[in-house]
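For the sequence shown, the residue numbers in the working numbering are 147 to 341.
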Amino acid sequence: MKTKKGFSLIEMIVVLAIIGILMAILVPTWSYFIMRANVRSQNNYSKVIFNAAQTQATREKFYEHDNYVIANDTTKTVAERDNAKKALFVGADEDFYIYWNGRKGFLLLADGETIDTTVTPDKQEKVDAFVKGINKVFSHSQETVYKVYIKDYKVISVCSGRSEGTESIGSFPEIQEGRSSGKTVQTFDMDSIKH
């Protein structure tokens, strides 16, 4: 008489239960490590963007030097100072935010979250030149969104992510350790990561 070789139904159920328990333990741990790796990559990208943006801001300071001096010269008339201030792109008194969505650069309003829809074509041209200068250095610009916060020609902070909806947002100079808890790159609080 031949004996059948193989697993019984009970043995199969026990093996599947063990595999299920192992998967329940390993999958959350594995996803945590993947998220941490993505955040670390974005922290590194943010540092590269930070340095490239500082280079661009320094160039703008050189280009805007004359208007910046006039805008801050109290011996000039109010009209002269106002005209010089209007000509400034980066060096104006208010906070300056540029947002890159992976395809196009935008100027954000002073709140740092809302896209400025009143940007004139000549100012949009300056925004495009600014992000082009950053993207020459940052080779992952087509697959990354980022936001740069500048005040008085000094880059204060940068945040970046793989897409706008990601929770794996990195930043510089303060580096991130975990998920961004519902924040997006565009709505990320830049004051919380300044050095």
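Don't be surprised by glycine CBs; every beta carbon is placed ideally from N, CA and C. None of these values were measured; they are calculated from a predicted model.
(1) With DSSP as the reference, label Leu254 as helix, strand or coil.
(2) Taking 6 Å as the limit between beta carbons, can you name the residues of its chain near Leu253, skipping five residues before and five after?
(3) Taking contact to mean at least 3 C-beta pairs separated by less than 8 Å, is the stretch 183-202 in contact with the stretch 305-320?
(4) Tell whether a beta-carbon distance below 8 Å holds between Gln332 and Glu310.
(5) Taking 6 Å as the limit between beta carbons, can you name the residues of its chain near Ala198, skipping five residues before and five after?
(6) Could you work out which residue in Ala217, Arg249, Phe242 is closest to Thr260 when comparing CA atoms only?
(7) Would you call Phe318 buried or exposed, if buried means 16 or more other Cβ atoms sit within 10 Å of its Cβ?
(8) Would you kindly check if the distance between the Cβ of Tyr295 and the Cβ of Ile302 is under 8 Å?
(9) Which word fits Asn218, buried or exposed, when buried means at least 16 other C-beta atoms lie within 10 angstroms of its C-beta?
(10) To the nearest angstrom, report how far apart Tyr246 and Leu155 are at their CA atoms.
(11) Here's the rule I'm using: 16 or more other beta-carbon atoms within 10 Å means buried, otherwise exposed. How should Val277 be labelled?
(12) Quick one: does Thr266 have its CB under 8 Å from some CB of chain B?
(13) May I have the straight-line CA-CA distance separating Asp337 from Leu172, to the nearest angstrom?
(14) Can you say whether Glu99 is buried or exposed, counting buried as having 16 or more other CB atoms within 10 angstroms of its CB?
(15) Can you grab the Cα-Cα spacing for the pair Ser327 / Ile321, in whole Å?
(16) Starting from the C-beta of Ser112, find all residues in its chain whose C-beta is less than 6 Å away, skip the five residues before and the five after it, and write them out in chain order.
With the structure as the only source:
(1) In the sequence shown, residue 254 corresponds to position 108, counting from 1. Strand.
(2) Position 107 of the sequence shown, counted from the first residue, corresponds to residue 253. Same-chain partners within the cutoff: Asp262, Val265, Val273.
(3) yes
(4) Here residue 332 corresponds to residue number 186 of the sequence shown, with the count starting at 1. Here residue 310 corresponds to residue number 164 of the sequence shown, with the count starting at 1. Yes, these two residues count as a Cβ contact at 8 Å.
(5) Counted from its first residue, the sequence shown places residue 198 at position 52. Excluding sequence neighbours, Ala198 sits near Ile280, Val283, Phe284.
(6) Numbered from 1 along the sequence shown, position 114 holds the residue referred to as residue 260. Comparing Cα-Cα distances from Thr260 to each of Ala217, Arg249, Phe242, the minimum goes to Phe242.
(7) Position 172 of the sequence shown, counted from the first residue, corresponds to residue 318. So Phe318 ends up on the buried side.
(8) In the sequence shown, counting from the first residue as 1, residue 302 sits at position 156. In the sequence shown, counting from the first residue as 1, residue 295 sits at position 149. Yes, Cβ-Cβ distance for Ile302 and Tyr295 is below 8 Å.
(9) The residue given as residue 218 occupies position 72 in the sequence shown. So Asn218 counts as exposed.
(10) Against the sequence shown, residue 246 aligns to sequence position 100. Against the sequence shown, residue 155 aligns to sequence position 9. Residue 246 is actually Trp in this sequence, not Tyr. Using only the alpha carbons, I get a separation of about 57 Å.
(11) The residue labelled residue 277 in the question sits at position 131 within the sequence shown. The residue in question, Val277, is buried, as its Cβ has 16 or more Cβ neighbours within 10 Å.
(12) Absence of chain B from the displayed structure is noted, only one protein chain being present.
(13) As a first step, residue 337 is located in the sequence shown; it is residue number 191 there, counting from the start. As a first step, residue 172 is located in the sequence shown; it is residue number 26 there, counting from the start. Cα to Cα, Asp337 sits roughly 36 Å from Leu172.
(14) No information on residue 99 is available, as it lies outside the stretch 147 to 341 that the chain covers here.
(15) Walking along the sequence shown from the start, residue 327 turns up at place 181. Walking along the sequence shown from the start, residue 321 turns up at place 175. So the alpha carbons of these two residues sit roughly 15 Å apart.
(16) Coverage of the chain is limited to positions 147 through 341, which leaves residue 112 absent and any answer about it impossible.
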